[in-house]
Amino acid sequence: MRKDYRLEKRKYVVGGFVVALVLIFLIRLFELQVVDNRYKENADSNAFLRKTVYPSRGLIYDRNGELIVYNQPAYDVMMIPRDVQPFDTIDFCKTLQITREEFDYRMKELRESPSYSSYSQQTFMSHLSAKDYGRLQEKLYRYPGFFIQKRILRQYNHIAGANILGNIREVNSRDIERDSYYRPGDYTGDLGIEKSYEQQLRGVKGVEILIRDAYGKIQGRYDDGKQDVKAISGKKLTLGIDIELQEYGEQLMKNKIGAIVAIEPSTGEILAMVSSPTYDPTTLIGRERGKNYRELVRNPYKPLYDRSIMAAYPPGSTFKPTQGLILEQEGIVDLSTAFPCHRGYINGGLRVGCHGHESPITLKPAIRTSCNAYFCWGLKSMIDRRSKYGTPAKAFEIWKNHMVSMGYGYKLGIDLPGESRGFIPNSEFYSKIYGDGRWSANTIISIAIGQGEILATPLQIANLCATIANRGFFITPHVVKEVEGDTISSLYKERRYPTIDRKYYDDIVDGMRMAVVGGTCRNAAFGDVEVCGKTGTAQNPHGRDHSAFMGFAPMNNPKIAICVYVENAGFGATYGVPIGGLMMEKYLTGEISPERKYLEQRMLESNTILYSGVKKH
Amino acid sequence: MELRNTKYETRSAFRSVDWVLMALYAILMVCGAVSIYAASYDYDHASMFSLAEFSGKQFLWIGISLVVGFCILIIDRRFFEAYAYPIYGVAVLLMILTIFVATDIKGSRSWIVLGPVSFQSAEFGKFATALALAKLFSEYNFVLNRSYKNYLRALAIIVVPIILIFLQRETGSALVYTSLVFVLYREGMSGFVLFAGLCAITLFVVVIKFSESLLMGMPLGEFVAFIIIMAIMVGMLALYCKSYKLAKNVGMGFAAAGLIAYGLTFAGININGFVFFSVVLVAAVIYVLIAMFIEKVRKAVVVLLFVGVSVGYMFVVNYAFNNALEPYQQMRIKVALGLEEDLRGAGYNVNQSKIAIGSGGITGKGFLNGTQTKLKYVPEQHTDFIFCTIGEEQGFVGTSVVLILYLALILRIIHIAERQRTAFGRVYAYCVASYLIFHLGINIGMVVGLSPVIGIPLPLFSYGGSALLAFTTQLFILLKIDSARREFAN
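Chains A and B supply the protein sequences, listed in that same order.
Under this note's numbering, the first residue of the first sequence carries the number 1, and numbering increases by one thereafter.
Under this note's numbering, the first residue of the second sequence carries the number 1001, and numbering increases by one thereafter.
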């Protein structure tokens, strides 16, 4: 046959077309398989269900090995919206014991939340009881796209120490942003040691990789579980807190506003730290948390405000020992130096009142009687001693530096969040108010007796007391005594020495002992324990004076140093001293002696919250 | 017909069979069955050859295919040419029958069920049509371009099965027959038809894809289409009519009009796009008409015809798209054009198939290690979307190898076609090549998201007895015809 060579060339067109087609496909495949990495991720999120295994959170024990905080399981109903297929909603609601309206409402709320994504896990309902969980688990296969996530909630053995322990809450978007460990729905510590020891308590989450088919059915474990990551439990914490003492303190402080801080002087461990009014930590567990938390925030007495470390109060007369120490250290006074007191400090048209006692008076009796005049004269002698310091400003700076070395004016560094630094002014502060060189001792004389600008937290006052008990050193107060398999920060082991010689502390101890034996704090004495103490009555702009007390016992080899601060309760001797005394007695002897029961009764029943000026809503 | 020389012929058929084609066929078929095993592998570790598995059944089909192929090789070489029309007639009857007796499977009535076996008559229509077409072209002194009657006869052979398969509601298989346009082209049909087809597809894609946004008061798609038509007009005047002067003048005119319109828009005067293009095109057409008579450029008529038809087509496209196509077809086209994602519906298959292929990377996850295909994320994974399994488990390396094997197969068939000494053999071979081109283009195109989802299998690879048997028959008839080519020397 005749061959048409012109037409034969057309094979190149057809062949060329095929080559072009295959080339286009190769380019496309190159793009899909080599250039674009997105598909690999998509494939993994398609096929692997990464189920988080939550570690059990670290348990918390008190100093005597008593379990305070432990875990209880809770079950969240989770869903991946994309995988949800039509299901029997009525049956589902019945199983969960919710109404259809509630179901619709939850779904609507989920969809409207900013973290909603139809591809990722969403919490449909949290904290199912074990019973509901059991019922749902049986039927779960009927609801593709839904699954159950086991979680850990906290439970408490003692209704005490909420301010110390804190609680846990679901993470918010800021937590997630700050720490990539968290995923929506995780829990994190809120307040207290739950917050400050979050890293140790939370442990490490594990992952279980499951293989999931297109219908959302789990086909098994990926690689026989070899790629799974085991969860690591959180570390056990042992606190310095004596939970019984803590409970007792909270009872004593009932119907009062204020704080108690008790420290073991030799170690800096906090034995009890009461903030009153307080709240029941169990109310912040689980589903009701949000509602109860809002209520606590709205409460006018601010139970969430930990007064023991956050409130800065005028320390009042509990401040006088610091004055005595500085005056002796600076050589302004010695034990024989006497100042006159005619019912007060009267100088340059100024009068700081005092009460009746012998005059003139030396240091130890001045501590015993809490003489205002003595410390005013002392401060004046120091600040105005131009021969030694040049100007009052320079003298004041030295005074201030001593004060800071004793733990005032700055955060002590306790292992709890939100500590306040109190307030110790410096010379610039006064120069700004009164003008450079235009102020002298009399301008600022009220600081001599812990009034005026001076503010301190109950923790700082207790720490001063511990320092005196130790005769010249303290260890930064801390709540956590031991972290399982870990060491606590060296900060909580080192001794810190104020710039005062040891020998002067003995004089203060003597004064404080005398105050208990025959001075302002007689009610602090119990049994044959040698108790030392110092009262404080702080004037304040909010109404009745605050009642304060600091003390330690026994005098030699002290086991407990304490600060009690009761707002608007009047003289230090009326509330501060008895509460402090009862706390020390309870801690040292284990019970209150019968002859002091009346005192305990009075403290338990009294109510000073009336005088707080806070109107109940 | 005498079958006297059967013994001798059989021996010669095996000796002179094209082993390259045979090898490519065998490799692809086995790769296919192994992929089917991987695609339907179900963590319960059943054997590849178990008849409970798709792969086992496919191996059974491979065996049957080989037997059928062997039979074809021992049939007399003249059988197919002699009985081309009767075979075609039987196939047509079978397809008509199918319309009435077929059971409804997923909306299509194309499957004939005979006891445990079911098959698609459309698959057997393919080689019958190829034989009939080859027979037609092998008529004494048949030249396609000699008379329009020849065209009509060729088209009739092609169109009848298309209509019948459409009636079976099996659009994909019907479209396969349109690929025979390659055969007509090879046998002398003007290349202009292919060009027009290309233009039609381009205009369609442009108009539909850019129909949402507006420019100068008209859809962007039509705006671009107008510009394409104008460019083609200028191009045709220059290359087809060889009248550079006309081309230059028309082109300059278009450019000037465009600049003026742009300037006016810049000056704040908005012109309606339709008005603008109508005026400019009408002016150009009048100019070309006048020039045609003065300069005696007869061929310009074709150009004007082209412009007229294109503009008309352009306006019909949108209407036809929205009214003539089923909603699911519209959606599939929109997905392919990237207009819609529709991940739950029409786009689901394509998206999942892209994920499966894309997750394979360069070297793949390894045999049986794919997750997407095994966990059934890719639908139809062992049939139409079988290529995903290669993509996921063998990676870019695997997909490239498979594509190159197909390229080699098709090019080999074209090579075989061109060495035939009879029009019968050549046309038949081109028919087979055309079917393969279409299947490959649409199937792979669909899997990688370049063409709309049209349910046709990947030849020799996809699970399914009908399709495998059909392609085997096509190829073995080709092998038989080819092996006997020397004896036909005349």
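Glycine included, C-beta positions come from ideal geometry on N, C-alpha and C.
Since we're looking at a predicted model, the values are computed, not measured.
What would DSSP say about residue i, mapped onto helix, strand or coil?
{"i": "Val1206 (chain B)", "result": "helix"}
{"i": "Lys1296 (chain B)", "result": "coil"}
{"i": "Gly1235 (chain B)", "result": "helix"}
{"i": "Gly1253 (chain B)", "result": "helix"}
{"i": "Arg307 (chain A)", "result": "helix"}
{"i": "Gln1394 (chain B)", "result": "helix"}
{"i": "Met1230 (chain B)", "result": "helix"}
{"i": "Ile1286 (chain B)", "result": "helix"}
{"i": "Cys376 (chain A)", "result": "helix"}
{"i": "Tyr105 (chain A)", "result": "helix"}
{"i": "Met555 (chain A)", "result": "coil"}
{"i": "Asp132 (chain A)", "result": "helix"}
{"i": "Asn347 (chain A)", "result": "strand"}
{"i": "Gly220 (chain A)", "result": "strand"}
{"i": "Glu1002 (chain B)", "result": "Interpretation of Glu1002 (chain B) is limited by its pLDDT of 45, a score under 50 that renders its predicted location unreliable; the figure taken from the coordinates is listed afterwards. The answer is coil: DSSP assigns Glu1002 (chain B) none of H, G, I, E or B."}
{"i": "Ser276 (chain A)", "result": "strand"}
{"i": "Gln97 (chain A)", "result": "coil"}
{"i": "Pro458 (chain A)", "result": "helix"}
{"i": "Ser1118 (chain B)", "result": "strand"}
Chain A partners of residue i, CB-CB under 8 Å?
{"i": "Arg1186 (chain B)", "result": "Leu7, Arg10, Lys11 and Val14"}
{"i": "Phe1137 (chain B)", "result": "Those do not exist, as Phe1137 (chain B) stays about 11 Å from chain A at its closest Cβ, beyond 8 Å."}
Assuming residue i and residue j form a contact by the criterion Cβ under 8 Å, report the distance between their Cβ atoms to the nearest whole angstrom.
{"i": "Ile309 (chain A)", "j": "Ile414 (chain A)", "result": "6 Å"}
{"i": "Ser1173 (chain B)", "j": "Ser1118 (chain B)", "result": "Not confirmed; about 15 Å, so no contact."}
{"i": "Glu1053 (chain B)", "j": "Ala1467 (chain B)", "result": "Rounded, the Cβ-Cβ distance is 18 Å, inconsistent with contact."}
{"i": "Val1493 (chain B)", "j": "Gln1474 (chain B)", "result": "Outside the shown range of chain B, which is 1001 to 1490, sits residue 1493 (chain B), and nothing can be said about it."}
{"i": "Ile367 (chain A)", "j": "Ala515 (chain A)", "result": "6 Å"}
{"i": "Gln451 (chain A)", "j": "Pro314 (chain A)", "result": "5 Å"}
{"i": "Leu191 (chain A)", "j": "Gly234 (chain A)", "result": "At roughly 17 Å, the Cβ-Cβ gap does not stay under 8 Å, so Leu191 (chain A) and Gly234 (chain A) are not in contact."}
Excluding the 5 residues preceding and the 5 following residue i in the sequence, name in chain order all residues of the same chain whose CB lies nearer than 6 Å to its CB.
{"i": "Pro1452 (chain B)", "result": "Arg1332, Ile1333 and Ala1336"}
{"i": "Pro458 (chain A)", "result": "Ala259, Val261, Ser308, Cys563 and Tyr565"}
{"i": "Ile1162 (chain B)", "result": "Ala1174 and Tyr1177"}
{"i": "Tyr1088 (chain B)", "result": "Ala1128 and Ala1132"}
{"i": "Ala569 (chain A)", "result": "Ser547, Tyr575 and Thr608"}
{"i": "Lys380 (chain A)", "result": "Ala441"}
{"i": "Tyr1406 (chain B)", "result": "Leu1440"}
{"i": "Arg513 (chain A)", "result": "Cys532 and Met555"}
So residue i contacts chain B; which residues on that side make the cut at Cβ distance below 7 Å?
{"i": "Arg28 (chain A)", "result": "Val1448 and Leu1450"}
{"i": "Tyr39 (chain A)", "result": "Lys1354, Ile1355, Gly1358 and Ser1359"}
{"i": "Phe147 (chain A)", "result": "None at all; the shortest Cβ gap to chain B is about 17 Å."}
{"i": "Ala20 (chain A)", "result": "Under the 7 Å cutoff, chain B gives no residues; its nearest Cβ is about 10 Å from Ala20 (chain A)."}
{"i": "Asp36 (chain A)", "result": "Gly1358"}
Residue i touches chain B at which residues, Cβ-Cβ below 8 Å?
{"i": "Ala47 (chain A)", "result": "Thr1371, Gln1372, Leu1375 and Tyr1377"}
{"i": "Gln33 (chain A)", "result": "Ile1357, Gly1358, Gly1360, Gly1361, Ile1362, Gly1391, Gly1395, Phe1396 and Thr1399"}
{"i": "Asn42 (chain A)", "result": "Ile1355, Gly1358 and Ser1359"}
Apart from the five residues just before and just after residue i, which ones in its own chain have a Cβ nearer than 7 Å to its Cβ?
{"i": "Gly1273 (chain B)", "result": "Leu1215, Met1216, Gly1217, Met1218 and Phe1223"}
{"i": "Tyr1365 (chain B)", "result": "Reading off the sequence shown, one finds Lys at residue 1365 (chain B), where the question assumed Tyr. The answer, listed in chain order, is Glu1392 and Glu1393."}
Among residues of its own chain, excluding the 5 on either side of residue i, which ones have a beta-carbon nearer than 8 Å to its beta-carbon?
{"i": "Arg1298 (chain B)", "result": "Met1292"}
{"i": "Gly344 (chain A)", "result": "Arg351, Val352, Gly353, Cys354, Asn372 and Ala373"}
{"i": "His1439 (chain B)", "result": "Val1176, Ile1456, Pro1457, Leu1458 and Pro1459"}
Which bits of chain B does residue i rub up against, with CB to CB less than 9 Å?
{"i": "Phe25 (chain A)", "result": "Thr1399, Leu1403, Leu1440, Gly1441, Ile1444, Gly1445, Val1448 and Leu1450"}
The ligand ZN heavy atoms versus the CB of residue i: any closer than 7 Å?
{"i": "Val19 (chain A)", "result": "Only the bare structure without any ligand can be found here, which leaves the ligand ZN out of the picture."}
Next on the checklist: Using a Cβ distance threshold of 8 Å, determine whether the segment 311–325 of chain A contacts the segment 363–382 of chain A, with at least three qualifying pairs required.
Outcome noted: yes
Next on the checklist: Would you call the segment 1432–1443 of chain B in contact with the segment 1149–1163 of chain B, where contact means no fewer than 3 C-beta pairs closer than 8 Å?
Outcome noted: no
Next on the checklist: Does the segment 463–472 of chain A come into contact with the segment 556–567 of chain A, if we say contact requires no fewer than three beta-carbon pairs (one atom in each stretch) closer than 8 Å?
Outcome noted: yes
Next on the checklist: Assess contact between the segment 1307–1319 of chain B and the segment 1418–1429 of chain B, defined as three or more Cβ pairs (one per stretch) separated by less than 8 Å. Is contact present?
Outcome noted: no
Checklist entry - Counting pairs of Cβ atoms below 8 Å between the segment 382–393 of chain A and the segment 429–443 of chain A, do you hit three or more? => result yes
Next on the checklist: Counting beta carbon pairs with one atom in the segment 415–434 of chain A and one in the segment 476–491 of chain A, are three or more of them shorter than 8 Å?
Outcome noted: yes
Item to check | Touch test, the segment 1182–1200 of chain B against the segment 11–20 of chain A, Cβ-Cβ under 8 Å, three pairs minimum | outcome: yes
Next on the checklist: Within 8 Å, do at least three Cβ pairs link the segment 152–171 of chain A to the segment 110–120 of chain A?
Outcome noted: no
Checklist entry - Between the segment 63–80 of chain A and the segment 135–150 of chain A, are three or more C-beta pairs nearer than 8 Å? => result yes
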